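Numbered by mature numbering (1 follows the signal peptide of the UniProt record, and there is no 0), the letters in the sequence shown go through residues -19 to -1, 1 to 1155 in order. Using N, Cα and C, we set each Cβ at its ideal position, and we do this for glycine too. These numbers come from a predicted model, not from an experiment. Below: one structure, written as structure tokens.
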Amino acid sequence: MLLGDLNPFFFSFIFIVLSKDSCSTWGGGHFSTFDKYQYDFTGTCNYIFATVCDESTPDFNIQFRRGLDKKIARIIIELGPSVIIVEKGSIFVRNVGVINLPYTSNGIQIAPFGRNIRLVAKLMEMELAVMWNNDDYLMVLAEKKYMGKTCGMCGNYDGYELNEFVSEGRLLDTYKFAALQKMDDPSEICLSEEIPTSNVPHKKYAMICSQLLNLVSPTCSVPKDGFVVRCQLDMQDCSEPGQNNCTCSTLSEYSRQCAMSHQMVFNWRTENFCSVGKCSANQIYEECGSPCIKTCSNPEYSCSSHCTYGCFCPEGTVLDDISKNRTCVHIKQCPCTLNGKTYAPGETMKAACRTCKCTMGQWNCKDLLCPGRCSLEGGSFITTFDSRSYRFHGVCTYVLMKSSSLPHNGTLMAVYEKSGYSHSETSLSAIIYISTMDKIVISQNELLTDDDELKRLPYRSGNITIFRQSSMYIQMYTTFGLEVVVQTSPVFQAYVKVGSQFKGRTLGLCGNYNGDTTDDFMTSMDITEGTASLFVDSWRAGNCHPALERDTDPCALSQLNKISAETHCSILTKKGTVFEKCHAVVNPIPFYKRCVYQACNYEETFPYICSALGSYARTCSSMGLILENWRNSMDNCTITCTGNQTFSYNTEACDRTCLSLSNRALECHPTDIPIEGCHCPEGMYLNHKNECVRKSHCPCYLEDRKYILPDQSIITGGITCYCVNGRLSCTGKPQNPAESCKAPKKYVSCSDSLENKYGAACAPTCQMLATGIECIPTKCESGCVCADGLYENLDGRCVPAEECPCEYGGLAYGKGEQIQTECEICTCTKGKWKCVQKSKCSSTCNLYGEGHITTFDGQRFVFDGNCEYILAMDGCSVNRPFSSFKIVTENVICGKSGVTCSRSISIYLGVRCLFYETFAISGKNPGVQYHVKKNALHLMFDIIIPGKYNMTLIWNKHMNFFIKISRETQETICGLCGNYNGNMKDDFETRSKYVASNELEFVNSWKENPLCGDVYFVVDPCSKNPYRKAWAEKTCAVINSQVFSACHSKVNRMPYYEACVRDSCGCDIGGDCECMCDAIAVYAMACLDKGICIDWRTPEFCPVYCEYYNSHKNTGSGDAYSYDYNNDNCTWHYRPCNCPNQNYKYVNIEGCYNCSHDEYFDHEMGGCMPCGKQ
């Protein structure tokens, strides 16, 4: 059905009855039960205020004790394993200690609420609120599902007012009823005796009490009679009977109950009557002010809550919660914050590659022209120019970067070789730069040129200069905008820097440098692949074996190795280490994960641990933070310098070597990122013998590599040799020539005299034809070679160039064949894809499982927050334009370890919508259209905001939620789903417009309620529940199995497998299989988005029972079904997708469908339609 013409509107998916009832106590001993019966009791023992009867582990148990002064001295709140004690103005949480506000943990939020303090518990099956004022007031707000189940001073909550004191059929006196609720402390015996109270009010106070209550609210619908009685009792029991101030506690409670009922309440207090004291700074007192406090960090905050009394900011101002002085300021006066430092309005901050000005509490940033950087680290990790990180294990020479901006058809290559016994022990061994003018090979401590001659450093050829910047680094400097810095020890690593003239003009393993992370896996055949190994294979510069992905965690093979790796690598994330000062600038978690992987994957553990730590230190240096002495904090990472050299974390060759004194053009090319290594002490210079000498003892270098010693004249020459893993070797082992080749291939042997001295190493292939570059072999290889003019395709056959197939997803496509990706239609032409952009292109943000998010631009992270968070909204620019939509998620604890999962989703298109199991709609908005589509597994909304967005929202009624957006404008989007600009490196942009260094800082900035507590860590449920990990890994292994094999080449499965294991470990309070199934379903849906339909469910594994719809008949009233066992027409069947391998009108999802296999249900037509018909 099409529902149009909506005005600010409201979807509501009701999971539980959201209405609640309250019970409260105030003053010297007044009580109002859940059923609104009022009575008085002033006992000083510990009493149960409210709990769930007859349960060994009740959902909640709230106790209180009054002191001799009749004030509430202590409150105990038990919520499952959580215990909160309020005493003497302090709040104590068990296993945590005394807390500061706001506090958020394990589904519990404690924060100021006007002049009161409110605790809100949102657990998987319960919502509860408790409020107190650290004086004489306590209130609990419970859901109606507890009706008839409660005990305590709050009564039985059965809906009847007059039977609260009935026990076993007898009506009890107040003190006898209270005695049943007494709960003595250990080693305490509190005497329960009748406490005489004068509960017969003096009628002379009735008139004044009625007038005072009318002063609070003359139109309030809350019954006044009980409050008139409590007011009279206050008057007569007061130390000065008859004074108006004696009634303040009862008037305050009447005001609170009226406010909770959304009734009008006046500012009835005065300076001399029931005053609550002066407000701080420039705040003003309001009896009915909004607790949804607008602050500098969130000036648009709004919520649906009743008003309360307290101090609030005047209209038109917001609370300055950034500078912590709690003053009210105009939004233009709001300061900004960055890395814990506060900046005044208008103040400017310069960061890497951008300059930012503080404007209205947000950073207004302008990007500066900055170089592109690509890094090859840790043996198998690459980070592209656009900041996409990946790893692969291959043995080959690969095109690292080719560009039309490189002179003389220049190409940068990377050589990877085996470095151990296992297939995943591959490492970078050399960097090659080749053009029509030069061939330069930089390897471990050596430099080879085109004639395989070993060159001494420094070396210059035309506009290229190569020199040793320090004992650990070799640098290649050029005049055309390319710079390569190679770290030679302890692990061979390379860092490529290019100027802005290369932007959008690069191809190869370093990506295309266009600012869009999502298309970095652009192959040599001009199509974007889904996995790293297929992308890497397309850039092979030789006839090599395909690259491999390691399916299993290398640490899983040995617990000892895992413990050792985690122990040594944890120095990156621990507090109190040398690395901590950089945590606010660079997130250490990705480096920690890389460190653990490297330590377990490579037999030589410590060099790879040190390289990972060094990579983090280098990134910190790039942000202006040099981590002095970090090597001393880890065994085996220290560097021993030879002779009288010293180690430095910021060194360069210029003015440190004798050569730099003679010829500054050779070695005086500083790097913009500090590098480390051994150098000579101040005032000393490195000579040709690697000795530090005084300037007077330096030789003088000549143009032809000759040098003159002080007082002598000696000429020397160089040597020629080839380098293999740091050793000199002049022999190569040829392969066995006894091979047979089928025509039109011919066999070439390295033992023969060949025209091509590299033999089959440069055999022409279709893949090499696609790269468009010359083969760069490292040695001769024997083998079968296609005849001239023919190229070897994927099947090993020789074909002419025009018959070369194109590759995508591990499959070959012939000439003229087409494929459709989400945003493009691509046609195979001469071995390369020619792609045309579709008119509309969408992107998806996923919120799934226990806090997993994948942003619109592909950034992944996990968080365990207990607040409401903005997933996505528009109107994010600095001038704060009107927001046409906002999507908010609310999290709830779903595991004992503290992991959270999504409980509700709210969509604001004026007002709000909540996603639950059933839904209702209110309000209208003529500017919005939407469809509602349901099946057994999912609820889908298609929302159209004309001229702006087409959105499809998919919720699986459990833990998975998907937002698919195609937009017609380039308006900025922000929130936990990122900024949707195509580049994942700035997806952690906070509400105040700066890019956070880690996901927690980013997540905390997108809290909907600024008073909700921050998240400080992410739980690792598998380490807290190690007994579940083996089960989780075994059940989630279906993702890596043959069941999903058709998808493995299209969608990288490892992030989904890791998420499945984490969720299965953490979901330990029931529904563990459901958590695991939901996690697997996310991968299946990602496959379906790529056109791969996987039928993975079985009757024994994550089954879906569509039989329910065959045996239950819809009654026509919403989702209600009646039994009908005699109906033999079983038309409902489970399907993993609709219309497989065909174009489909809607977003394709699994579910129960009642159309035939070749049909789908058309929601506009209201019937089944053939798959091919749109």
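Assign residue i to one of two classes, buried (16 or more other C-beta atoms within 10 Å of its C-beta) or exposed (fewer than that).
i, result
"Y930", "buried"
"D776", "exposed"
"K436", "buried"
"L981", "buried"
"D301", "buried"
"residue 1207", "What is shown of the chain runs -19 to 1155, which leaves residue 1207 out entirely."
"Q264", "buried"
"A593", "buried"
"C679", "buried"
"M749", "buried"
"G830", "buried"
"M965", "buried"
Answer with yes or no whether the minimum CB distance from residue i to chain C is below 8 Å.
i, result
"M382", "Reference to chain C is not applicable here, since this structure consists of a single protein chain."
Can residue i be considered in contact with the ligand MN, in the sense that its beta carbon sits closer than 7 Å to one or more heavy atoms?
i, result
"Q474", "As far as ligands go, the structure on display features none, and thus does not contain the ligand MN."
Rounded to whole angstroms, what's the CA-CA distance from residue i to residue j? Just pull it up for me.
i, j, result
"E106", "S191", "42 Å"
"G(-16)", "Q910", "Here G(-16) scores only 36 on pLDDT, less than 50, and its place in the model is too uncertain to base an answer on."
"T933", "G78", "45 Å"
"T25", "C201", "33 Å"
"residue 1165", "M615", "No answer is possible for residue 1165: it lies beyond the span of the chain, which begins at -19 and ends at 1155."
"C857", "S370", "28 Å"
"G462", "L488", "16 Å"
"A977", "S551", "21 Å"
"Y1104", "W1113", "Unreliable placement is indicated for Y1104, whose pLDDT of 45 sits below 50; the coordinate value is still reported in the next sentence. Going from the Cα of Y1104 to the Cα of W1113 covers about 15 Å."
"N144", "L152", "8 Å"
"E1055", "H939", "9 Å"
"A325", "D968", "25 Å"
"N115", "Q238", "18 Å"
"R1009", "F1082", "18 Å"
"T899", "I925", "For T899, the predicted model reports a pLDDT of 41, less than 50, meaning its position is unreliable; a value from the coordinates is still stated below. One C-alpha to the other measures close to 22 Å."
"E633", "Q450", "5 Å"
"L161", "C135", "12 Å"
Tell me which same chain residues have a C-beta within less than 7 Å of the C-beta of residue i, skipping the five on either side of it?
i, result
"Q213", "P182, H183, Y186, A187 and C190"
"Y589", "G359, G360, V472, Q579, A580 and Y583"
"S(-1)", "K125"
"C219", "C227"
"C807", "I508, Q799, I800, W814, K815 and C816"
Run through the DSSP bridge pairs and tell me what residue i is partnered with.
i, result
"N42", "T32 and E59"
"Y371", "I363"
"P93", "I98"
"E68", "R55 and S71"
"L828", "I834 and F942"
"W936", "L920 and F942"
"residue 1158", "The chain is shown only over -19 to 1155; residue 1158 falls outside these bounds and no answer can be derived."
"S947", "S823 and N931"
"N27", "R46"
Looking at residue j and residue i, is the spacing between their C-beta atoms short of 8 Å?
i, j, result
"T392", "V380", "yes"
"C767", "A744", "yes"
"Y975", "C255", "no"
"C1120", "C1152", "yes"
"D507", "C816", "yes"
"residue 1157", "C171", "With the chain covering only -19 through 1155, there is no way to say anything about residue 1157."
"Y494", "F373", "no"
"S1045", "T1079", "no"
Tell me which residues share the same chain as residue i and place their Cβ nearer than 6 Å to its Cβ, disregarding the 5 neighbours each side in the sequence.
i, result
"C618", "C591 and R612"
"M1146", "none"
"H549", "I590"
"L992", "P83 and A92"
Give every residue of the same chain whose Cβ lies closer than 8 Å to the Cβ of residue i, excluding the five residues on either side of it in the sequence, and list them in chain order.
i, result
"residue 1160", "There is simply no residue 1160 to check, as the chain begins at -19 and stops at 1155 in what is shown."
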